[in-house]
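Quick note: the sequence shown, position 204, residue 551 per the working numbering, numbers continuous. Let me begin by presenting the structure, written as structure tokens, before commenting on it.
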Amino acid sequence: MNKLLIVGTVAFDAIETPFGKTDKILGGAATYIGLSASHFNVKSGIVSVVGEDFPQEYLDLLTARNIDISGIEVVKGGKTFFWSGKYHNDLNSRDTLITELNVLADFNPVVPQDFKDADVVMLGNLHPLVQSGVLNQMTSTPKLVVLDTMNFWMDCALPELLDVIKRVDVITINDEEARQLSGEYSLVKAAAKIHTMGPKYVVIKKGEHGALLFHNKEVFFAPALPLEEVFDPTGAGDTFAGGFSGYIAQSENISFNNLKNAIIQGSNLASFCVEKFGTERMESLQKPEVQDRLRQFKSLTQFDIELQ
């Protein structure tokens, strides 16, 4: 079974949307990535850090999904990373209300021995030095390294971010971040500029408007599935990344055509994530539901056209 190494936060979130609000619930990039990737036949492990206040039941939830948690450090007396946010009515924009780094402030990642030869590495949104620190511990070159980042690191750690971008095969960012990183408004030009920074593949996420995949002059677009109700977009991008990297790890195929399939798999799983608060929907998601929605994606995007 192929190995997927996941790096990112395991955290507490408190979320407010137009449809309601939560107290502290399970969150974090690595949590969403892991729950999403668990729908594929891969051996996945998380590298992260939590405090002593992190409930055992949340760790048990991950292990119940066959996610290796030996790389999750539990800091005695420490407090877990906490984020609180409020979404606007359009659900595309949000205000961060609270960010408490807590144990994440001094996080020094340690990759378990069993995952130092992972086939695919998914670097979730974290400080670029942490992401680089993980790559430095790999004993063999992964078949694919995927990096997710955000504008915060572009603002405060750009040199370190550019260093780690040189070392990855795929970068996943949203359209606003792609424009900021490249200095280009056109997403086609932005992707071309980001290619020169190192990644062979550039994935630009556009939320409810789907995702774009760029490789040299080739471009692929996957729509987002139109949903009757979007409840909470928190973690949708990480769920997408988990589906994308999990599928690639399972299939062992890193061709452009197979990355198209990975984009669809990621978009499909992300469409479930937004249906309930936090990780709730991903915790209950079953394989028949995933397959049914994949068929919807197929009917949404497949057509024959006569060329004159």
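Here a beta-carbon is modelled for each residue, glycine too, at the ideal position from N, C-alpha and C. Bear in mind that the values here come from a model prediction, so they are computed numbers and not experimental data.
Tell me which residue opens and which closes the beta strand (DSSP E) that residue i is part of.
i, result
"V467", "V467 to L470"
"Y548", "Y548 to K552"
Rounding to the nearest angstrom, what Cα-Cα distance links residue i and residue j in this structure?
i, j, result
"F428", "T364", "21 angstroms"
"N608", "S533", "25 angstroms"
"P402", "F561", "40 angstroms"
"P459", "C503", "29 angstroms"
"G375", "S618", "18 angstroms"
"K634", "S385", "11 angstroms"
"P573", "D370", "29 angstroms"
"N436", "R628", "21 angstroms"
"V357", "M469", "14 angstroms"
"Y405", "G584", "21 angstroms"
"M497", "N615", "22 angstroms"
"R412", "E653", "46 angstroms"
"L451", "Q478", "13 angstroms"
"V637", "K547", "29 angstroms"
"V394", "I414", "11 angstroms"
Leaving out five residues on either side along the sequence, give the residues of the same chain with a beta carbon under 6 angstroms from the beta carbon of residue i.
i, result
"W430", "D360 and T446"
"S631", "none"
"L559", "I551 and F568"
"E420", "V396"
"V389", "N349, L351, G593, A596 and Q597"
Report the option in the options whose CA atom is closest to the CA atom of residue i.
i, options, result
"I601", "V511, V493, V422 and L509", "V493"
"P580", "K553, E565, N563 and K423", "K553"
"P475", "L509, M485, L491 and D442", "L509"
"T586", "F578, E575 and Q612", "Q612"
"N449", "L491, G425, E524 and V468", "G425"
"V511", "M544, A525 and A537", "M544"
"T443", "G367, G584, Q643 and F499", "F499"
"P456", "K433, Q484 and R412", "Q484"
"L295", "L482, T519 and S529", "Here the chain comprises residues numbered 348 to 655, so residue 295 is not present and cannot be evaluated."
Could you check whether residue j and residue i sit closer than 8 angstroms to each other, using their CB atoms as the reference points?
i, j, result
"F454", "G418", "no"
"A377", "G471", "yes"
"G589", "L382", "yes"
"F578", "V517", "no"
"E555", "A571", "yes"
"E565", "F603", "yes"
Just to confirm my understanding: we take residue i, look at its own chain, exclude 5 residues before and 5 after, and list those with CB closer than 7 angstroms. What are they?
i, result
"K423", "E399"
"D522", "L534, I551 and K553"
"R441", "G432, K433, Y434 and H435"
"L647", "P570 and L572"
"L473", "V354, G355 and T356"
"Q643", "L572"
Tell me which same chain residues have a C-beta within less than 8 angstroms of the C-beta of residue i, skipping the five on either side of it?
i, result
"S487", "K463 and D464"
"G625", "D360, I362, T369, I372, L373, G374, D579, T581 and G582"
"D693", "The displayed coordinates of the chain run from 348 to 655. Any statement about residue 693 would go beyond what the structure contains."
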